[in-house]
Ligand code: PMP
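Numbering (UniProt numbering), first residue to last: 3 to 458.
And the structure:
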């Protein structure tokens with residue numbers, strides 16, 4: 003019996019069992035390190051997500067360079083996960099490594115700016131077309147801080163998001179649409195507030211729903227990825243953003259675009275590449291070439307409102323910022339990344355190779371007669387277990403199958419190819435070669451042959 007995605011659940015289970023055995027046999031050193039970590043690390047890993055990869059125990063990294071990751075058992079993997087975008091400019095880009103080593107002996111953090119600060123501000127303004135910037139350690143924090151600024155600047159309470167979104171571990175966004183009703187995500191741990199009182203949620207590409215949600219006039223901001231990338235990929239329909247932007251403005255709300263993943267579109271993100279005009283933009287993950295840092299930019303109008311809100315507030319904690327934010331090392335990393343990596347010249351071959359990857363993948367999927375689609379956003383491509391690209395979070399979510407993903411990802415890993423866990427997402431970095439793309443397609447072909455083979 004075939005599932006909606008054309009593969010039988012029994013075949014998935016059989017492949018999973020086989021690939022788990024292969025993985026366990028081939029990774030004795032990772033297994034030993036996982037065992038050594040387990041007495042003192044929760045779930046045996048430094049971050050509990052690391053145990054969700056679908057491997058029987060965590061793959062331990064020996065080193066990573068460019069598009070390659072070398073594990074502690076001596077295997078070399080072609081990396082299309084790239085730290086889920088943190089290493090989108092390749093692992094340890096030499097220009098970033100050099101900037102870090104230059105900085106590392108001259109002070110790491112001082113809670114004061116260095117000469118990099120003004121330069122990074124100017125580079126961000128030039129790249130993204132927004133004049134005024136602040137920093138954070140992670141995209142999560144950047145989103146959290148932007149929400150605070152927007153609420154303070156507008157004096158409004160409500161946040162509007164799209165169903166199925168992810169913006170980091172920002173509590174406010176974990177509200178789903180279930181049968182048309184907002185519902186707090188039940189997987190959230192330790193959340194004691196009712197988030198539905200201040201978060202409104204509508205489907206992506208639903209202008210009527212957006213308008214209705216904005217109508218009460220209490221929405222501080224809409225926080226959105228320009229393309230949804232965290233529930234599988236969902237592209238905006240033609241004209242959606244221009245119309246949505248106008249509606250948001252008309253209702254006195256702000257538009258915040260979270261470009262953490264869509265920075266794959268080009269050096270100024272998706273909004274710049276498509277002529278959109280958000281009031282604020284968030285960038286994180288690869289902004290420091292893999293060093294923890296993030297930034298957010300404001301339009302002149304929003305910056306003025308935000309500054310006024312801070313000046314009018316009583317003295318004391320703003321709730322915005324962390325001690326290590328914009329530390330000397332992070333600023334040096336961002337300067338190097340913005341100067342040397344976030345450039346059209348670096349993106350051009352990435353985009354070409356990602357297009358080849360997407361086309362090749364469509365061909366492999368067609369060859370196996372599977373009803374799956376492939377979507378590309380710049381240097382990023384994703385396959386989804388549905389015949390036509392989903393139009394919103396509900397459709398995208400209906401096309402997911404965690405077991406199939408698990409089996410596929412593990413089988414690819416055992417064939418030397420790493421793709422992003424919890425997604426079917428593949429990223430191309432400046433070092434990814436045509437041969438690397440061919441290796442991915444070859445591995446995919448082999449694995450799909452195993453999955454679609456008749457049960458013996
Ligand atoms: N925004 C988006 C769109 C993301 O996809 C993510 C992470 N996947 C984040 C924010 C949060 O990034 P971080 O985990 O680095 O804080």
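The C-beta atom is built at its ideal place from N, Cα and C for all residues, glycine as well.
Put residue 202 into one of helix, strand or coil per three-state DSSP.
-> Position 200 of the chain shown, counted from the start, is the residue given in the question as residue 202. Note: residue 202 maps to strand in three-state DSSP.
Could you check which residue in 299, 245 and 420 has the C-alpha nearest to that of residue 438?
-> For the purposes of this step, residue 438 is taken as the residue at position 436 of the chain shown. Of the candidates 299, 245 and 420, the one whose C-alpha sits nearest the C-alpha of residue 438 is 420.
Distance, Cα to Cα, residue 126 vs residue 349?
-> Position 124 of the chain shown, counted from the first residue, corresponds to residue 126. Position 347 of the chain shown, counted from the first residue, corresponds to residue 349. Distance between residue 126 and residue 349, taken at the CA atoms: about 16 Å.
Using three-state DSSP, classify residue 193 as helix, strand or coil.
-> By one-based count along the chain shown, residue 193 stands at place 191. Looking at residue 193 - three-state DSSP - the assignment turns out to be coil, as it is neither helix nor strand.
Using a threshold of 6 Å, is the CB atom of residue 142 nearer than that to any non-hydrogen atom of the ligand PMP?
-> In the chain shown, counting from the first residue as 1, residue 142 sits at position 140. Residue 142 Cβ: within cutoff of the ligand PMP.
For residue 17 versus residue 372, is the C-beta spacing smaller than 7 Å?
-> Looking up residue 17 in the chain shown gives position 15. Looking up residue 372 in the chain shown gives position 370. Not in contact: residue 17 and residue 372 (Cβ atoms no closer than 7 Å).
Sub-7 Å separation of residue 69 and residue 81 beta-carbons = By one-based count along the chain shown, residue 69 stands at place 67. By one-based count along the chain shown, residue 81 stands at place 79. Yes. Within cutoff.
Mind checking which residues open and close the beta strand (DSSP E) that includes residue 299?
-> For the purposes of this step, residue 299 is taken as residue 297 along the chain shown, with counting starting at 1. Where residue 299 is concerned, the enclosing beta strand (DSSP E) stretches over 296-300.
Any non-hydrogen atom of the ligand PMP closer than 6 Å to residue 227 Cβ = Sequence index remark: in the chain shown, residue 227 carries index 225 (1-based). Checking the Cβ of residue 227 against the ligand PMP gives yes.
Pair within 7 Å by beta-carbon distance, residue 381 and residue 266 | As a working mapping, residue 381 is identified with position 379 in the chain shown. As a working mapping, residue 266 is identified with position 264 in the chain shown. Contact flag set, yes.
Give every residue of the same chain whose Cβ lies closer than 7 Å to the Cβ of residue 378, excluding the five residues on either side of it in the sequence, and list them in chain order.
-> Mapped onto the chain shown, residue 378 falls at position 376. 356, 357 and 360.
Proximity of residue 191 and residue 249 at Cβ, strictly below 7 Å | Locating residue 191 in the chain shown gives position 189, where the first residue counts as 1. Locating residue 249 in the chain shown gives position 247, where the first residue counts as 1. For the pair residue 191 and residue 249, the CB atoms are not nearer than the 7 Å cut-off.
Report, in whole angstroms, the separation of the C-beta atoms of residue 258 and residue 281, which I expect to be a contact under 8 Å.
-> Numbered from its first residue, the chain shown carries residue 258 at position 256. Numbered from its first residue, the chain shown carries residue 281 at position 279. At roughly 7 Å, the Cβ-Cβ gap stays under 8 Å, so residue 258 and residue 281 are in contact.
Taking buried to mean at least 16 other C-beta atoms within 10 Å of its own C-beta, is residue 425 buried or exposed?
-> For the purposes of this step, residue 425 is taken as residue 423 along the chain shown, with counting starting at 1. Buried, because 16 or more other Cβ atoms sit within 10 Å of the Cβ of residue 425.
Where does residue 387 fall in DSSP's three states?
-> If you number the chain shown from 1, residue 387 lands on position 385. In the structure shown, residue 387 sits in coil (DSSP, three-state: anything other than H, G, I, E or B).
Using only the heavy atoms of the ligand PMP, determine whether one of them is closer than 6 Å to the beta carbon of residue 262.
-> As a working note, residue 262 is residue 260 in the chain shown. Answer for residue 262: yes, Cβ within range of the ligand PMP.
Is the Cβ-Cβ distance between residue 417 and residue 445 less than 7 Å?
-> Numbered from its first residue, the chain shown carries residue 417 at position 415. Numbered from its first residue, the chain shown carries residue 445 at position 443. Closer than 7 Å, so yes.
Is there contact between the region 270-278 and the region 294-302, where contact requires at least three CB pairs shorter than 8 Å?
-> The answer is no - the region 294-302 does not touch the region 270-278, with fewer than three Cβ pairs under 8 Å.
Return yes when at least one heavy atom of the ligand PMP lies under 6 Å from the C-beta of residue 291, else no.
-> Within the chain shown, numbered from 1, the residue matching residue 291 stands at position 289. Flag unset: Cβ of residue 291 not near the ligand PMP.
Rounded straight-line distance, which links the Cα of residue 177 to that of residue 183 | One-based indexing of the chain shown puts residue 183 at position 181. One-based indexing of the chain shown puts residue 177 at position 175. Answer to the nearest angstrom: the Cα atoms are 10 Å apart.
Note down, one range per segment and in chain order, each alpha helix (DSSP H) of at least 4 residues found wholly within the region 130-202.
-> Runs found: 141-156.
What residue range is occupied by the uninterrupted alpha helix (DSSP H) comprising residue 279?
-> Counting from 1 along the chain shown, the entry for residue 279 is found at position 277. Where residue 279 is concerned, there is no enclosing alpha helix (DSSP H), given that its DSSP letter is neither H nor E.
Enumerated in chain order, which unbroken segments of the beta strand (DSSP E) with a length of 3 residues or greater are wholly contained in the region 205-244?
-> Look at the region 205-244 and you find these whole runs of beta strand (DSSP E), each 3 residues long or longer: 221-226.
When the distance is taken between beta carbons, is residue 132 closer than 7 Å to residue 301?
-> In the chain shown, counting from the first residue as 1, residue 301 sits at position 299. In the chain shown, counting from the first residue as 1, residue 132 sits at position 130. Annotated as proximal: residue 301 and residue 132, with beta-carbon spacing under 7 Å.
Report whether the distance from the Cβ of residue 181 to the nearest heavy atom of the ligand PMP is below 6 Å.
-> By one-based count along the chain shown, residue 181 stands at place 179. Answer for residue 181: no, Cβ out of range of the ligand PMP.
Is residue 165 near the ligand PMP, going by C-beta to nearest heavy atom under 6 Å?
-> The residue you call residue 165 lines up with position 163 of the chain shown. No, the ligand PMP has no heavy atom inside 6 Å of this Cβ.
For residue 327, does the count of other Cβ atoms within 10 angstroms reach 16, so buried, or fall short, so exposed?
-> Here the question's residue 327 lines up with position 325 in the chain shown. With a threshold of 16 other beta carbon atoms within 10 Å, residue 327 meets it and is buried.
Chain-order list of residues whose beta-carbon lies under 6 Å from that of residue 428 (same chain, five-residue window excluded) = Walking along the chain shown from the start, residue 428 turns up at place 426. 82, 383 and 421.
Whole-angstrom C-beta distance between residue 162 and residue 204, which should lie under 8 Å | As a working mapping, residue 204 is identified with position 202 in the chain shown. As a working mapping, residue 162 is identified with position 160 in the chain shown. 7 Å between Cβ atoms; contact.
Report yes if the CB atom of residue 284 is closer than 7 Å to the CB atom of residue 260, and no otherwise.
-> Translated into positions along the chain shown, residue 284 becomes position 282. Translated into positions along the chain shown, residue 260 becomes position 258. A contact, by the Cβ cut-off of 7 Å.
Considering only residues of the same chain and omitting the five flanking positions on each side of residue 66, which have a CB-CB separation below 6 Å?
-> Along the chain shown, one-based indexing puts residue 66 at 64. Within the same chain, residue 66 has close Cβ partners 93.
DSSP state of residue 475, grouped into three classes?
-> Outside the displayed range of the chain (3 to 458) lies residue 475, so it cannot be described from this structure.
Using a threshold of 7 Å, state whether the C-beta atoms of residue 222 and residue 156 are closer than that.
-> The sequence position of residue 222 within the chain shown is 220, counting from 1. The sequence position of residue 156 within the chain shown is 154, counting from 1. Yes; because the gap between Cβ atoms is below 7 Å, this pair is in contact.
Residue 164 vs residue 226 beta-carbon contact at 7 Å | For this step, residue 164 is matched to residue 162 along the chain shown. For this step, residue 226 is matched to residue 224 along the chain shown. With contacts defined by Cβ atoms closer than 7 Å, residue 164 and residue 226 form a contacting pair.
Determine the burial state of residue 397: buried for a count of at least 16 other Cβ atoms within 10 Å of its Cβ, exposed for fewer.
-> Here the question's residue 397 lines up with position 395 in the chain shown. Its Cβ being crowded by 16 or more others within 10 Å, residue 397 is buried.
Just mark residue 363 as buried or exposed, buried being the case when its beta carbon has 16 or more other beta carbons within 10 Å.
-> Along the chain shown, one-based indexing puts residue 363 at 361. Of the residues assessed, residue 363 falls on the buried side of the cut-off, its CB having 16 or more other CB atoms within 10 angstroms.
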